[in-house]
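Participant: Under my numbering, the letters of the sequence shown match residues 2 to 465, in that order.
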Amino acid sequence: MATITAPDAAEKRETPFTRAMKPVNRVVEEFTPSSLTFAIILTGVVALLALIFTNSGPTTVVQSWGDGLSGLLSFMTQMALVLLLGSILAGTHAVSRVLKRLASVPKTALQAYLFVFFIGVAAMLFSWGLGLILGALLAKRIAVEFHRRGTPISFPMLIASAYSAMVIWHMGYSGSAQLTAATEDSFIAKQLGHTIPLGETLFSWWNLLGIALTVACVATMLFIIAPRHIDHSHVINESHVEALAEADRHAAPGRTFADRIDSSRIPTLLTGLALVAYLVVHFAHGGSTTLDIVNWLFLALIFLFVRNVHELIELTADAASNVGEILIQFPLYAGIMGIMTGTGLATLLSDSIVAVANPETIGVLGFLSAGIVNFFVPSGGGQLAVQGPILLDAAQSMGADPAVVIMAIAYGDQWTNMIQPFWALPILAVAGLKIRDILGYTTATLIAAGIPLAATMLLVGFVG
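1. Which whole-angstrom value describes the C-beta separation of methionine 222 and alanine 445, a residue pair presumed to lie in contact below a C-beta threshold of 8 Å?
2. Distance check for glycine 367 and isoleucine 410, CA to CA, integer angstroms please.
3. With a cut-off of 8 Å on the beta carbons, I'd call asparagine 375 and glycine 413 a contact; round off their distance for me.
4. Using the Cα positions of isoleucine 226 and valine 216, report the straight-line distance between them to the nearest angstrom.
5. Determine the direct distance from the alpha carbon of leucine 138 to that of valine 310, and round the result to whole angstroms.
6. Answer with buried or exposed for leucine 100, where buried requires no fewer than 16 other C-beta atoms within 10 angstroms of its C-beta.
7. Span of the alpha helix (DSSP H) holding glutamine 397?
8. Who are the near neighbours of glycine 121 in its chain, counting only those whose CB is closer than 6 Å to its CB and skipping five residues on each side?
9. What residue range is occupied by the uninterrupted alpha helix (DSSP H) comprising alanine 36?
10. Check this for me: beta carbons of proline 403 and leucine 193, under 7 Å apart or not?
11. Suppose contacts are defined by Cβ-Cβ distances below 7 Å. Is isoleucine 1 in contact with threonine 317 by that definition?
12. Just list the alpha helix (DSSP H) runs in the stretch 87 to 162, keeping only unbroken ones of 4 residues or longer that don't cross its boundaries, in chain order.
13. Got a sec? Which residues, its chain only, sit under 8 Å from threonine 417 by beta carbon, not counting five neighbours each side?
14. To the nearest whole angstrom, what separates the beta carbons of isoleucine 363 and alanine 386, a pair I think is in contact under 8 Å?
15. Along the chain, where does the alpha helix (DSSP H) containing leucine 214 start, and where does it finish?
16. How many Å lie between serine 353 and arginine 102 at the Cα?
17. Given a cut-off of 7 Å on the beta-carbon distance, is the pair leucine 159 and alanine 183 in contact?
18. Anyone know if the C-beta pair for valine 1 and alanine 40 falls short of 7 Å?
19. By alpha-carbon positions, which one of His94, Ser128, Phe156 and Val405 ends up nearest to leucine 111?
20. Taking valine 96 as the reference, give the member of Leu302, Thr55, Trp297 and Ser36 with the closest Cα.
21. Mind reading off the beta-carbon distance from isoleucine 154 to isoleucine 407? Whole number of angstroms is fine, and I expect it under 8 Å.
22. Which first and last residues belong to the alpha helix (DSSP H) in which methionine 172 is found?
23. Check for me: the alpha helix (DSSP H) holding histidine 195 runs from which residue to which?
24. Buried or exposed for alanine 248, please, with buried defined as at least 16 other CB atoms from any protein chain shown within 10 angstroms of its CB.
25. So, under 8 Å CB-CB, serine 351 and serine 370 are touching, yes? Tell me the CB distance rounded to an integer number of Å.
26. Are glycine 1 and valine 168 close, meaning C-beta to C-beta below 7 Å?
27. Between glycine 69 and alanine 335, how many whole angstroms is the CB-CB distance? I'm expecting something under 8 Å.
28. To the nearest angstrom, report how far apart arginine 149 and arginine 98 are at their CA atoms.
29. Just the C-alpha distance for glycine 389 and leucine 440, rounded to the nearest angstrom, thanks.
30. Nearest by alpha-carbon distance to alanine 432: which of Ala450, Val324 and Gln415 is it?
31. For isoleucine 391, collect the residues of the same chain with a Cβ closer than 8 Å to its Cβ; drop the 5 residues on either side in sequence, then sort them by chain order.
32. Tell me which residues share the same chain as phenylalanine 224 and place their Cβ nearer than 7 Å to its Cβ, disregarding the 5 neighbours each side in the sequence.
33. When the distance is taken between beta carbons, is phenylalanine 331 closer than 7 Å to leucine 73?
34. Who are the Cβ neighbours of valine 277 in its own chain at under 6 Å, not counting the five residues just before and after it?
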């Protein structure tokens, strides 16, 4: 049975920083709307800015918005599959056992917050899709494990720690900016007349240094802001405990020939092996790790791990409820992107940064501008398409390294994800939380990550 701590004793355990975070968190919880409301408000703000700062009239703004609504349909499907397949995969017995073992590693709440962050970082550097869903599922497993032990732990802080790992995703192998720049026939390669090898972006000494510094700073911040006294409202929802407490799923008994086929291991196993064969061929021919490939990897593992079609149908039904809110918000953000590009608002913002830049500062100024643009164009690939040509032209004219510009966009894109709810949607859906539940913590991550990211851009600008 967990020991109940007296309020004065709990207060003594609090650090000055955690005490300072309490009113911040209360304000965030009180005044931060849902992520859907945020997207609606942001649409209005962008439309108003376009009317004020560009030559576009109301008709152009509305048309740009409407034309843009379908701009992320393909990406929306990919993201829905990331969440759906990741949730199904985590529900299989094999993955559930691994997550359960990992969840038993941390013994204290502070260890748990840092543990889920570091696991998330490792996954994010390989694939942001994997890192996003894995972090959420591991955080939920840890919360349930602590609940069973009778040890208090803040579920919002756990989820915030998992999501904080995304602040370094664009510095890793699945980063769209560096992968596009390294790809033959990409619009970046056509503009420059050559590709930018990954050795000059992803594997450059300054990017590797930036990863190490950013991870260290964010981990330190998470340790500092972690609540030492857990409010009852911050513990895991009892429904999560009950859901994960279900030990085994049993296949439906076979009564007819069709039921016996659905209960057989053979159809799912053969499909899984076929997907594995495709992935082997893909990588053997020099294929890269794209979001589609991550999804097909998830799908292959699902078919290999489930025992039959009945189990897969049951897992799919459980996972599908997490996808709905995301689907309704993607068209809104696509519309925002449409306004930004169709009215020239994104170009205006980038041009204003370029106007005051020089070869030494274009990296840090590009980083800051990308952080702002990310609020309105939260897709990394979309942001590169909007800002890349402008900043690369500026870099060429002043003799700056284009690799620095590419990574400046990547750094800015990942940085403000901490306070932009778009990418938090999948992890919040898995956790059953609202953006206001974690925003106080992730704002602290934004501050902690901004310093080393900006410093890295300044360092490479002056040292080269």
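Cβ coordinates follow ideal geometry from the N, Cα and C atoms, glycine included.
A quick note: this is a predicted structure, and the numbers were derived from the prediction, not measured.
Facilitator: To lay it out plainly:
1. 5 Å
2. 6 Å
3. 6 Å
4. 15 Å
5. 23 Å
6. buried
7. 381 to 399
8. Gly132, Gly136, Ala163 and Ala166
9. Here residue 36 turns out to be serine, not alanine, going by the sequence shown. 36 to 54 is the span of the alpha helix (DSSP H), which, as asked, contains serine 36.
10. yes
11. Given a span of 2 to 465 for the chain in the structure shown, any question on residue 1 remains unanswerable.
12. 94 to 104, 110 to 127 and 129 to 150
13. Gly372, Ile373, Asn375, Phe376 and Leu447
14. Not really, about 19 Å apart at Cβ, beyond 8 Å.
15. 206 to 226
16. 51 Å
17. no
18. Absent from the model: residue 1. The displayed extent of the chain is 2 to 465, so no value can be given.
19. Phe156
20. Leu302
21. Actually they do not touch by this definition, with Cβ atoms about 40 Å apart.
22. Neither: methionine 172 is in no alpha helix (DSSP H) and is coded neither H nor E.
23. From DSSP, histidine 195 is part of no alpha helix (DSSP H); its letter is neither H nor E.
24. In this prediction, alanine 248 scores a pLDDT of 41, lower than 50, which makes its location untrustworthy; no coordinate-derived value is stated.
25. 6 Å
26. Outside the modelled stretch of the chain, which goes from 2 to 465, sits residue 1, for which no answer is possible.
27. 5 Å
28. 16 Å
29. 29 Å
30. Val324
31. Thr348, Ser351, Asp352 and Val355
32. Leu111 and Leu115
33. yes
34. Ala301
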